[in-house]
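The sequence shown begins at 1 in full-length UniProt numbering and counts up by one.
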Amino acid sequence: MADRPRDLAERMARRRNIAGKPGQAVRDGYLRETFTLPRAAARERAQAFFARYPKAGYMSVVESWRELPGGDIEFTMRRLPSAD
């Protein structure tokens, strides 16, 4: 039997809240860090993240981002804990 959309949303919300601390691994094995910075600083932080954890070795990516009412950018960076 298919789940109701509400069931799916609740399951996804619980999974998202598994990591209690920034940088803590979630069940999928990735590490996530969330930042809230002004636009220019956010761009610099993302570039520094990619320089430290290259996409090829760590599968680094900007997982999500949004612009807040004050103009700041909130974004979550995702990467593997270590390179192969």
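Yeah, the Cβ is synthetic: ideal placement off N, Cα and C, and Gly gets one too.
For the pair Glu33 and Thr76, the CB atoms are nearer than the 8 Å cut-off. The DSSP-derived three-state label of Arg4 is coil. Under a 10 Å Cβ-count criterion, Ser82 is classified as exposed, with fewer than 16 other Cβ atoms of the shown protein chains found around its own Cβ.
Non-local beta-carbon contacts of Glu67 in its own chain, meaning distances under 7 Å to residues more than five positions away in sequence, involve Ile73 in chain order.
Scanning the stretch 29-58 from its first residue to its last, the whole alpha helix (DSSP H) runs of 4-plus residues come out as 39-52 and 55-58.
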